[in-house]
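Colleague: Under the working numbering, the residue at position 141 of the sequence shown is numbered 126, and the numbers go up by one with no gaps.
Each residue gets a CB set at the ideal place from its N, CA and C atoms; glycine is no exception.
Attaching a single structure in C-alpha cells format; questions to follow.
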Amino acid sequence: EIKGTLGRYVAYYTEEFDKANIRNEQLKRAVQQGIENGEFIPFIQPKVNIDTRELVGGEALARWRSPEGKMISPGVFIPMCEQTGMIVDIDMMIYEKVLQFLRAHLDAGIACVPISVNFSRMHLLNEDFLDQIVRKREEYNVPASLIEIELTESAIFDNIDNIYVFTEKMHSHGFSISMDDFGSGYSSLNMLKDVPIDVLKIDKGFLEESKDNSRRNIIFSTIVEMATQLNIRIVVEGVEFIENVELMRNCGCSIAQGFYFARPMPSEDFSDVMKKGSC
Ligand code: C2E
Ligand code: MG
Ligand code: MG
Ligand code: MG
C-alpha cells in the first residue's frame, strides 16, 4: 500500500519535474536566441535629488523585448541566466547599449548624467572582464566618469580576495564602483573596511515597514553617517512613498531611486528627462 502510494507520488513528481525541465529548456533556448538577436535592452531609472528633483544619474535595468513585442522583466530570466552563465553576455549587451546611448547624446551636445550598469558576480571570475569593459568604453570614447559599475554585496563578498585589486584597477581607469543591495546580506560591514567603494545603494528592504520603525530609523541613519564619514555616496533604492522621502530627509541623505520619483523607462524617455535635467 505504502509502496503504491509512493510509486504514484514518484511518478507525479517526475512528471512535474519533466514539465519544469522542458519549460526551463525552452526558456534557455529562447534566451539564447534573444541574445543572438540583440533583444535585451536597457530601461533606465532616474536617480534624483529629493529636495530639488534634479536628475543626478540613472541605472540601466535589463528588459527582454521578445519578438512578439512583450517586455519581460529580469525576474523571469536573470536567475536562469546566472545559472547558465548567459548573464555575462546580457550584461555586456546592456553595457554596450548604454555606451551607445551616452555617445549619441554627447554627440548631440546634451549634458549627460552618469549611468550605472549591473554586472553579475560571474564577471569577477573572468580575468579579462576589466579589459573588456575598458576596451568597450574606449571604442565608444565615452568618459569613464559617466559609467558606474554596480556589483551586489554578495558578489563582492564571494570575491573578497580579488575585489580590492579589482576596485583599485577600476578606479585607475576612472570608473566608480557601487555596492548594490547594501544591507541585504550579512557581510557588508566587514568588507567596507577593506574595499574603497564609491557608492552604497541601500537595499529597499530597509524602507519596508518593520515591527519597530524606530529601530529601523536608527540603523538607517547610522549607515548614512558611517558612509558620510567614509566619503561614500549613498543612493536609496525603492523609494516609493512620501514616508520614505521623509525618512531620507530626517537622516540627511538626498539621492533617491524609486517609483515615487520615476520608474525605469525606455531610453528615449530617459533622454527627455536628461534634456530637462529633472523629474
Ligand atoms: P537592482 O539592481 O537592485 O535594481 C533595482 C530594482 O528595484 C529594479 O527592479 C527596479 O525596477 C526596482 N525598483 C526601483 N524603484 C522601486 C520602487 O520604488 N519600488 C519597488 N518595489 N521596486 C523598485 P528590476 O528592473 O526588476 O531588476 C531586478 C534586479 O535584476 C536588479 O535589482 C538586478 O539585481 C537585476 N538586474 C536587472 N538588470 C540587470 C542587468 O543588466 N544585469 C544584471 N546582472 N542584473 C540585472
Ligand atoms: Mg542595481
Ligand atoms: Mg539594488
Ligand atoms: Mg535588488
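Given a cut-off of 8 Å, decide if E24 and S51 are closer than it, judged by their beta-carbon atoms.
Modeller: yes
Colleague: Starting from K82, follow the beta strand (DSSP E) in both directions and report where the run begins and ends.
Modeller: Note, K82: premise wrong, no beta strand (DSSP E); alpha helix (DSSP H) at I72 to D92.
Colleague: Helix, strand or coil, according to DSSP, for E135 in the structure here?
Modeller: strand
Colleague: Do three or more CB pairs link the stretch 144 to 151 to the stretch 109 to 126 at distances below 8 Å?
Modeller: yes
Colleague: Report the CB separation of P27 from C264 in whole angstroms; it is logged as a contact under 8 Å.
Modeller: Contact doesn't hold; Cβ gap of about 17 Å is too wide.
Colleague: Keeping to the same chain, check which residues put their C-beta closer than 8 Å to that of L131; ignore five residues upstream and five downstream.
Modeller: Excluding positions up to five away in sequence, the list reads L87, C97, V98, P99 and I100.
Colleague: With a CB to CB cut of under 6 Å and the five nearest residues on each side skipped, what residues in its chain are close to I182?
Modeller: I162 and M164
Colleague: Does the count of Cβ pairs from the stretch 200 to 216 and the stretch 231 to 249 closer than 8 Å reach three?
Modeller: yes
Colleague: Determine the closest residue to L115 out of F142, E138, G159 and D92, with distance taken between C-alpha atoms.
Modeller: G159
Colleague: Rounded to a whole number of angstroms, what is the C-alpha to C-alpha distance between F104 and S195?
Modeller: 30 Å
Colleague: Kindly indicate which three-state DSSP category L109 falls into: helix, strand or coil?
Modeller: helix
Colleague: For N229 versus L185, is the C-beta distance shorter than 8 Å?
Modeller: no
Colleague: Distance check for S139 and R248, CA to CA, integer angstroms please.
Modeller: Here the alpha carbon of R248 sits roughly 25 Å from the alpha carbon of S139.
Colleague: Answer with buried or exposed for A47, where buried requires no fewer than 16 other C-beta atoms within 10 angstroms of its C-beta.
Modeller: buried
Colleague: By DSSP's criteria, R48 is part of a beta bridge. Which residues make up the other side?
Modeller: Its beta-bridge partners are I26.
Colleague: Pull up the CB-CB distance for G43 and I29, whole angstroms please, since I reckon it's below 8 Å.
Modeller: 4 Å
Colleague: Count the other CB atoms within 10 Å of the CB of F246; is the residue buried (16 or more) or exposed (fewer)?
Modeller: buried
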